[in-house]
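J.:
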Amino acid sequence: DAKTTQPNSMESNEEEPVHLPCNHSTISGTDYIHWYRQLPSQGPEYVIHGLTSNVNNRMASLAIAEDRKSSTLILHRATLRDAAVYYCILRESSTPLVFGKGTRLSVIA
Amino acid sequence: EPEVTQTPSHQVTQMGQEVILRCVPISNHLYFYWYRQILGQKVEFLVSFYNNEISEKSEIFDDQFSVERPDGSNFTLKIRSTKLEDSAMYFCASRPTGGPTDTQYFGPGTRLTVL
């Protein structure tokens, strides 16, 4: 699996938008970009995924650079419940997820 | 919404003892996984299971580990002779099909403590 690079930690104020970056300069043409998050003391949870176009769902938006070498997960209004470790994962096929260290997001009330 | 369940939530065992961790994947899913997370470290893949056999395993998944789907609903991870370094959170996951866009659904985990 191609490697991703994420900041170790980020901080946001409650009800503010959060942009979580991910660099994946060695991404291949068939790699999908997946985001998962892990709330404290819980298992990982799917957030969103995309290939080339920007994607929106009820949890977040995913903005993918035109060259696909980076992407940004956008939480439109951070809540205390969004405090978690966010993982950006590239996936080509049915292979298992390969988790990095992710970005620990802290949300301040 | 369907969810993956795991039991027990916390298991304490003595070194050298056998443990069985249990998971009930989402009912129409076909692919099953075990991951583990040592405290403060990354989530690591252990094994994947499809069509009643192991489809992939990591270097961590040595002869001390085995998996089974005994009755079409449960999915178990057995550690034959536990070591101190097996202490970790163990997460079960399932997914409906094998495509690259598939979502994996994770259970809440079992915390294994080996004394």
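Keeping their order, the protein sequence lines are chains A and B.
Sequential numbering from 0 applies to the first sequence in my numbering.
Sequential numbering from 225 applies to the second sequence in my numbering.
No residue lacks a Cβ here, since even glycine has one placed at the ideal position from N, Cα and C.
Remember, it's a predicted structure, so these values are computed and weren't measured experimentally.
Tell me the DSSP secondary structure of E14/A in three-state form.
T.: The residue labelled residue 14/A in the question sits at position 15 within the first sequence. DSSP places E14/A in coil when its eight states are reduced to three.
J.: Just how far apart, CA to CA, sit G296/B and P320/B?
T.: Numbered from its first residue, the second sequence carries residue 296/B at position 72. Numbered from its first residue, the second sequence carries residue 320/B at position 96. Going by the C-alpha atoms only, they are around 15 Å apart.
J.: Assuming contact is defined by CB atoms lying nearer than 7 Å, are V84/A and Q37/A in contact in what I supplied?
T.: As a position in the first sequence, residue 84/A is number 85, starting the count at 1. As a position in the first sequence, residue 37/A is number 38, starting the count at 1. Their beta carbons are under 7 Å apart, which means V84/A touches Q37/A by this criterion.
J.: Please say whether E15/A and A77/A have beta carbons closer to each other than 7 Å?
T.: Locating residue 77/A in the first sequence gives position 78, counting from the first residue. Locating residue 15/A in the first sequence gives position 16, counting from the first residue. For A77/A and E15/A, yes; Cβs fall inside 7 Å.
J.: May I ask you to report which of helix, strand or coil DSSP gives R80/A?
T.: Here residue 80/A is taken as the residue at index 81 of the first sequence, counted from 1. The answer is helix: DSSP assigns R80/A an H, G or I state.
J.: Is the beta carbon of V338/B less than 7 Å from the beta carbon of L308/B?
T.: Against the second sequence, residue 338/B aligns to sequence position 114. Against the second sequence, residue 308/B aligns to sequence position 84. In contact: V338/B and L308/B (Cβ atoms closer than 7 Å).
J.: For R103/A, report the span of its beta strand (DSSP E) as first-last.
T.: On the first sequence, position 104 is the one that residue 103/A refers to. Counting along the chain, the beta strand (DSSP E) containing R103/A begins and ends at T102 to I107.
J.: Could you pull out every residue in the same chain whose Cβ sits closer than 7 Å to the Cβ of Y259/B, ignoring the five residues on either side in sequence?
T.: Residue numbering aside, residue 259/B sits at position 35 when the second sequence is read from its first letter. Excluding positions up to five away in sequence, the list reads V267, E268, F269, L270, F315 and A317.
J.: Would you check if the distance between the CB atom of I244/B and the CB atom of Y329/B is smaller than 7 Å?
T.: As a working mapping, residue 244/B is identified with position 20 in the second sequence. As a working mapping, residue 329/B is identified with position 105 in the second sequence. No, the Cβ-Cβ distance between I244/B and Y329/B is not below 7 Å.
J.: Could you please tell me which residues of the region 89 to 105 of chain A, in chain order, have their CB closer than 9 Å to any CB of chain B?
T.: Here the close residues are R90, E91, S92, S93, T94, P95, L96, V97, F98, G99, K100 and G101.
J.: Where does M239/B land, buried or exposed, given buried means 16+ other C-beta within 10 angstroms?
T.: The residue you call residue 239/B lines up with position 15 of the second sequence. M239/B is exposed by the Cβ-count criterion.
J.: Give me the chain A residues within the contact set of S272/B, using Cβ-Cβ distance strictly less than 8 Å, ordered along the chain.
T.: Mapped onto the second sequence, residue 272/B falls at position 48. Within chain A, the residues near S272/B are P95.
J.: Using the beta-carbon count (16 or more within 10 Å), is S305/B buried or exposed?
T.: Looking up residue 305/B in the second sequence gives position 81. Result: exposed.
J.: Looking only at its chain, what residues have a beta carbon closer than 8 Å to the beta carbon of N275/B, apart from the 5 residues adjacent to it on each side?
T.: If you number the second sequence from 1, residue 275/B lands on position 51. Excluding positions up to five away in sequence, the list reads L254.
J.: Have a look at the DSSP bridge pairing and note the partners of E292/B.
T.: Residue mapping note: residue 292/B aligns to position 68 of the second sequence, counting from 1. Looking at the DSSP assignment, E292/B forms a beta bridge with T300/B.
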